[in-house]
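Residue numbers (my numbering): 2 to 561.
Built from N, CA and C at the ideal position, the CB exists for glycine as well.
Notes for the one structure printed next.
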Amino acid sequence: MAAELTLTQLTEKHRNTLDQALAAIRSRAYWSPHPEHPKAYGETAPADGLAAFEAVRGTRFDLGQPGTDGWTGGEVSPYGPELGVEYPHVDPDVLLPAMKAGIAAWRDAGPETRALVCVEILARISARTHEFAHAVMHTSGQAFMMAFQAGGPHAQDRGLEAVAYAYEEQTRVPGQADWSKPQGKREPLELGKTFTAVPRGIALMIGCNTFPTWNGYPGLFASLATGNAVLVKPHPRAVLPLALTVQVAREVLAEAGFDPNLVALAVERPGEGIAKTLAVRPEIKLIDYTGSTEFGDWLETNARQAQVYTEKAGVNTVIVDSTSDYKGMLSNLAFSLSLYSGQMCTTPQNLLIPRDGIATDAGHKTYDEVVADLAASVGGLLGDDARANALLGALVNPDVKARLEAAAGLGEVALASREVVNPEFPDAVVRTPVMVKLDASKPDPEAAYLSECFGPVSFAVAVDSTADALDLLRRTVREKGAMTVGAYTTSPDTERAIEEVCLEESAQLSLNLTGGVYVNQTAAFSDFHGSGGNPAANAALCDGAFVANRFRVVEVRRQA
Numbered sequence: 002m003a004a005e006l007t008l009t010q011l012t013e014k015h016r017n018t019l020d021q022a023l024a025a026i027r028s029r030a031y032w033s034p035h036p037e038h039p040k041a042y043g044e045t046a047p048a049d050g051l052a053a054f055e056a057v058r059g060t061r062f063d064l065g066q067p068g069t070d071g072w073t074g075g076e077v078s079p080y081g082p083e084l085g086v087e088y089p090h091v092d093p094d095v096l097l098p099a100m101k102a103g104i105a106a107w108r109d110a111g112p113e114t115r116a117l118v119c120v121e122i123l124a125r126i127s128a129r130t131h132e133f134a135h136a137v138m139h140t141s142g143q144a145f146m147m148a149f150q151a152g153g154p155h156a157q158d159r160g161l162e163a164v165a166y167a168y169e170e171q172t173r174v175p176g177q178a179d180w181s182k183p184q185g186k187r188e189p190l191e192l193g194k195t196f197t198a199v200p201r202g203i204a205l206m207i208g209c210n211t212f213p214t215w216n217g218y219p220g221l222f223a224s225l226a227t228g229n230a231v232l233v234k235p236h237p238r239a240v241l242p243l244a245l246t247v248q249v250a251r252e253v254l255a256e257a258g259f260d261p262n263l264v265a266l267a268v269e270r271p272g273e274g275i276a277k278t279l280a281v282r283p284e285i286k287l288i289d290y291t292g293s294t295e296f297g298d299w300l301e302t303n304a305r306q307a308q309v310y311t312e313k314a315g316v317n318t319v320i321v322d323s324t325s326d327y328k329g330m331l332s333n334l335a336f337s338l339s340l341y342s343g344q345m346c347t348t349p350q351n352l353l354i355p356r357d358g359i360a361t362d363a364g365h366k367t368y369d370e371v372v373a374d375l376a377a378s379v380g381g382l383l384g385d386d387a388r389a390n391a392l393l394g395a396l397v398n399p400d401v402k403a404r405l406e407a408a409a410g411l412g413e414v415a416l417a418s419r420e421v422v423n424p425e426f427p428d429a430v431v432r433t434p435v436m437v438k439l440d441a442s443k444p445d446p447e448a449a450y451l452s453e454c455f456g457p458v459s460f461a462v463a464v465d466s467t468a469d470a471l472d473l474l475r476r477t478v479r480e481k482g483a484m485t486v487g488a489y490t491t492s493p494d495t496e497r498a499i500e501e502v503c504l505e506e507s508a509q510l511s512l513n514l515t516g517g518v519y520v521n522q523t524a525a526f527s528d529f530h531g532s533g534g535n536p537a538a539n540a541a542l543c544d545g546a547f548v549a550n551r552f553r554v555v556e557v558r559r560q561a
């Protein structure tokens, strides 16, 4: 097919961005080419984005991909409205061979061309960030500003980060080499050698409900940039953001002269469960998944033909030992517990506090005082309904609401949840967090704090000492996993002890956060999301290991 986008054009537009991304992953300094502020996209962008989102509602989302055997949909916004979009339902026996047909040309294009095409895809998505923000908001329940930032520029950053790592790993080995081995008085042995990064085949990206783009883009772009085709299987309640992504990717691939079927969409009918069916097909060689531990474990056990990357559930813990900024600690933790109603895989759940209290710049505080003051800080932060709506968003599904309501019966309630009315979306289910007091001195293998309670639920766990908190932290990370660990201490020895636990158990640690950076936020190009070293995830977003096994290097030797 004729290319409308040439390599020269792509290089002129995006090579500098790729080089900056490569520099950023090496320096780990702050960098982003995607603006966080809505006004950066132009005066008409907010209205244009909303209009584009409204225009797709109630329509049939035809991607022109082969194997369409029907239509399906049914997304309902956590804020109330039905989206009314119908998506293509696929026959994998037709679609998968069509996807495979384009891989050879995509492979032969080489790492640089693939990377630049991926950057063009991300650039076009970035230009439509306002539209994507509404799509993310009305499928995940995130408040608009969070949907805009996390679903837009931050997700795009994560995608570009994966492209940079993919490019770097593929170009470690030269494309060709002349080999000459001296033989003394005889003529040297001489060979010409070529080295080609060869993709695994077709990748399956299984999307999640809460962060469809942020969690989806790393795997999607890591696989595409390493030469694989990608089949995107969205969560049935969060299809639209990834359908838009597939639409853009197919347009760019076609314009660049490649088969658009290198990226395709697979949407399931209600209750169909096609992820299980697709995951074990022999054509699927890579799987990226974010979601429950149960299904993640199933994939790792049963999808034996594929390289499987999973982000599952964990129990995130904060140790409160002491602080030199009591007010700042309370404020930081209150925001961390409240953001997006705790519906983040990085939100802290267990707050381990010595029962004898802690030393602070405001004097000694007992366990009860720390818990009461933190509850008051959350209450103050969310006391105004407008601000509460902007921070909390909506509960993403009825399961979260059920867990929230059940949590109040697990112990003494230090902070009761309350209902918040959203005047713009009266059908939205909005709830403030609940905080429950528990005691670690009572051995209980079924203790609530030993399992993830996803949503706006936290446990203030009384421990006998900081040493006991360290033991509980180690046990929790080792047995249940953790995406994040936080700690507050003024003691260098305690800080080293906490750090040692996290190093030994492979858990990402944030120490003494009291300002505008929070334990549940990570920055692409600098922070690693997950470690791949504990049960919460078998991969990190993003490092070399996340991309390096998505391709193999095949060598051809020729007699010189």
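Measure the C-alpha to C-alpha separation of residue i and residue j and round it to an integer number of angstroms.
| i | j | result |
| --- | --- | --- |
| residue 14 | residue 136 | 27 Å |
| residue 143 | residue 294 | 23 Å |
| residue 130 | residue 117 | 20 Å |
| residue 406 | residue 256 | 51 Å |
| residue 78 | residue 95 | 32 Å |
| residue 400 | residue 297 | 19 Å |
| residue 418 | residue 445 | 26 Å |
| residue 482 | residue 271 | 31 Å |
| residue 439 | residue 484 | 22 Å |
| residue 150 | residue 472 | 37 Å |
| residue 265 | residue 16 | 26 Å |
| residue 185 | residue 200 | 40 Å |
| residue 395 | residue 213 | 16 Å |
| residue 522 | residue 543 | 15 Å |
| residue 339 | residue 291 | 22 Å |
| residue 6 | residue 122 | 12 Å |
| residue 216 | residue 152 | 9 Å |
In the DSSP output, what is residue i paired with across the bridge?
| i | result |
| --- | --- |
| residue 184 | 187 |
| residue 442 | None; residue 442 has no bridge partner. |
| residue 355 | 464 |
| residue 535 | 538 |
| residue 33 | None; residue 33 has no bridge partner. |
| residue 320 | 353, 488 |
| residue 179 | 193 |
| residue 72 | 89 |
| residue 436 | 416, 459 |
| residue 475 | Paired residues: none, contrary to the question. |
| residue 289 | 206, 310 |
| residue 199 | 553 |
| residue 560 | 192 |
| residue 511 | 487 |
Are there 16 or more other CB atoms within 10 angstroms of the CB of residue i, so buried, or fewer, so exposed?
| i | result |
| --- | --- |
| residue 180 | exposed |
| residue 493 | exposed |
| residue 364 | exposed |
| residue 42 | buried |
| residue 189 | exposed |
| residue 535 | buried |
| residue 443 | exposed |
| residue 368 | buried |
| residue 182 | exposed |
| residue 106 | exposed |
| residue 372 | buried |
| residue 497 | exposed |
| residue 210 | buried |
| residue 18 | buried |
| residue 466 | exposed |
Under a CB-based cut-off of 7 Å, is residue i close to chain D?
| i | result |
| --- | --- |
| residue 511 | As a matter of chain content, chain D is missing from the structure shown, which is built from one protein chain. |
Assuming residue i and residue j form a contact by the criterion Cβ under 8 Å, report the distance between their Cβ atoms to the nearest whole angstrom.
| i | j | result |
| --- | --- | --- |
| residue 259 | residue 103 | 6 Å |
| residue 457 | residue 427 | Residue 457 to residue 427, Cβ: 20 Å. No contact. |
| residue 390 | residue 421 | 6 Å |
| residue 97 | residue 205 | Rounded, the Cβ-Cβ distance is 10 Å, inconsistent with contact. |
| residue 589 | residue 100 | This structure cannot settle anything about residue 589, because the visible part of the chain is limited to 2 through 561. |
| residue 195 | residue 176 | 7 Å |
| residue 74 | residue 91 | So it is not a contact: roughly 14 Å between Cβ atoms. |
| residue 545 | residue 31 | So it is not a contact: roughly 21 Å between Cβ atoms. |
| residue 134 | residue 148 | 5 Å |
| residue 430 | residue 460 | Residue 430 to residue 460, Cβ: 22 Å. No contact. |
| residue 519 | residue 337 | 5 Å |
Any heavy atom of the ligand HEM inside 6 Å of the beta-carbon of residue i?
| i | result |
| --- | --- |
| residue 488 | Because no ligand of any kind appears in the structure shown, any question about the ligand HEM cannot be addressed here. |
Exercise for the section: Could you tell me whether the segment 321-329 touches the segment 300-308, where touching means 3 or more Cβ pairs closer than 8 Å? Expected result: no
Practice task
Report yes or no: do three or more beta-carbon pairs, one from the segment 14-32 and one from the segment 261-278, lie closer than 8 Å?
Solution key: no
Practice task
Pair every Cβ in the segment 32-51 with every Cβ in the segment 206-223, then say whether three or more of these pairs are closer than 8 Å.
Solution key: no
Problem - Touch test, the segment 311-326 against the segment 342-359, Cβ-Cβ under 8 Å, three pairs minimum - result: yes
Handout entry: Contact between the segment 160-179 and the segment 54-66 (3+ Cβ pairs under 8 Å)
Key = no
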